[in-house]
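In the numbering used here, the protein residues as written are 6 to 72. Glycine is no exception: its CB is placed at the ideal position from the N, C-alpha and C atoms. Keep in mind the model is a prediction, meaning the values are calculated, not measured.
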C-alpha cells in the first residue's frame, strides 16, 4: 500500500470496523488486541485502515470457499 493511499482514507473507529466486518464491537476489540484483525493503536484508541480490513475480509472469504 502506498502512503498516498493511506492518507486518502480516514481511519475507521471500532464501531465502523465492526459494521464493515459484521462483528460485534467486543469481538473487534478482542481480535484487534490478539492480532487476528489488522489494527493500529493510537494512544489508548484503536483505529483501522479501511484498505487493510478490505484485504483481511477478502482473505477470510477466500478461505471459506476452499474445499
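CA-to-CA, the gap between residue 34 and residue 13 works out to about 25 Å. Between the alpha carbons of residue 51 and residue 62 lies a gap of roughly 18 Å.
Here DSSP, grouped into helix, strand and coil, assigns residue 58 to helix. The shortest CA-to-CA distance from residue 65 to any of 53, 41, 32 and 55 is the one to 41.
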